[in-house]
Each structure stands twice: as structure tokens, then as C-alpha cells.
Amino acid sequence: MNSTSISKKILEVKDLTISFNFSRYQSKSLKDLSLDFIKSPVRFFFNRPKKVEILKKISFDLRNGERLGFLGINGVGKTTLCRTISGMYGDKDGIIVNGTTRAIFDTESVIQPELSGKENAWIITNIIYSHLSKVERAEIVEESLEFSELHQYINSPFKIYSKGMKVRLFLSIVSAKPCDLLILDEVFNGGDEFFNEKVSSRIKKVIEGSGAVLFISHDKETVRSICNRVIVLGEHRILFDGDVNEGIDFYVDKFSE
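Per the working numbering, the sequence shown runs over residues -1 to 255.
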């Protein structure tokens, strides 16, 4: 990899603040809402939703070849940040992506349980690689099924698959082709140890070839094996950004009791 490819900036996040409006009434029943209206119509109609800030003034860059792992306790905003970067919700003010993005948040999001593993492989491939020709997509399906080692189950209904088998199929397809920015959120959950090692090696090769990754996992050893940089999120901000081992130590010291 030459110096130009190493220095290429894939992602820029500058002063990004993510907040959501939560109505004080959102958890109330219809009966409670009716009573509130009767008691005070003015307050009912003019009460302002409460704004909750998830992350404040987040700034970082990601360059080609970097594999950035996010660490933080549940609810700190890791997935929210990655979903915002991917464009799944919210505006992208303060976010610049130089290239294509592939984001995987749920390994069963497009699965049809009554169809076979191979048929589902086609569905996933058509969604993820819609820009490729039918011939290229067919090659991805066949190669990914071979890589997944689900040979005797390829034509079996997806609903009989174990969670590990589902992860195998999905990750085999996701990691078949490189992209500029790959976002992975807890995608190794449920996979067996051998296949996790196998697919991790495959994903690393894809990233090293032409892109960068944002990776979320609660498994510190998986982060250690895949990532070459760590950001720790907490208190609505970035608490640490740097070396993987130092970042994991910081995370453990900060949040373990």
C-alpha cells in the first residue's frame, strides 16, 4: 500500500452533535393522555418535547487502512453515531464520506425464514451489491456460500439455521467485496470461534485492499484482533482516541468497578 492510499481520508466527522426529542407524554397510555388534556389543555398542547443530547461535538477522521473500534457501555451512543454516519437517520451535517459506505447493523434484517439459505444469499447480495451486474452478483453468491461452509444446508429453509449459521451466511456475503467505508455493529455475535477467526481474516484483507472500517463490539478481544485504533465513548463525548491496547485498558479502568 503506497503512501497516497494510506493518507487518503475516508471519513471526516467535525463537531457532530446528535440529539433526539422525547415527548414527556410518549410513555403514557391513551387514558392518561385524556386526563392530562382535561386537567390542563394549555399545557397539553404547548408543552415542548424534551431534547436529549446523545453525543456532543464529536470530531474525528478516518483514513484508508484504519480499522476503528468503538468501545463504550450500552446506551452511550455507539450505534447511534454509526447509523448517523451511514445516513440511516438524521442529517449528515458535519459528516463527509469520501466513497461508498456499507453498513451492517442486523444480520437478520433482510432474511426470509421460509426461503432457503441460497435464496436468502441472493436477496442479501442483490441489496448490498445492487450496483454490480447479475453475473458479478451470481459469482458473489456462489463464492460466499462456499466460504460459509454451509454446504449441506444451502438448500434448507433459513428458519432451521442456528444463530451461528445465520452469521456465517451473512458475513460471508458482506465481506465478499471491498468498499470505501465498512460499518459493522456486533455482527460476530453468535458465530463460532473458528469461523470468527476465518471471517475476521477475510474482512481484514478486504479493508487493507481499499477501505476503512468502523467496528462496534463488546468483545474486547475481537476489537483487539480486528482494529488498529480505538475510540472510547462516554459522557456524551470521545474520552479516548488512539492505540488499541491502551484504549481497551482505558475502557476497562474507566467503566469496571
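Built from N, CA and C at the ideal position, the CB exists for glycine as well.
Keep in mind the model is a prediction, meaning the values are calculated, not measured.
Going by DSSP, residue 230 is part of the beta strand (DSSP E) stretching over 227 to 232. A straight-line Cα-Cα distance of about 13 Å links residue 203 and residue 225. The count of Cβ pairs closer than 8 Å, one atom from the region 120 to 136 and one from the region 145 to 163, stays below three, leaving the stretches out of contact.
The residues 155, 156 and 157, in chain order, have a CB closer than 8 Å to that of residue 111 in the same chain once the five nearest residues on each side in sequence are set aside.
DSSP, read as helix, strand or coil, puts residue 213 in strand. The residue from 253, 98 and 79 with its alpha-carbon nearest to that of residue 91 is 79. Separation of residue 201 and residue 173 (C-alpha to C-alpha, rounded to the nearest whole angstrom) is 6 Å.
166 is the residue among 166, 181 and 137 whose C-alpha sits nearest the C-alpha of residue 148. Taking a C-beta distance under 8 Å as the contact criterion, residue 82 and residue 177 do not qualify as a contact pair.
Separation of residue 184 and residue 9 (C-alpha to C-alpha, rounded to the nearest whole angstrom) is 21 Å.
Distance from the CA of residue 113 to the CA of residue 132, rounded to the nearest whole angstrom, comes to 20 Å.
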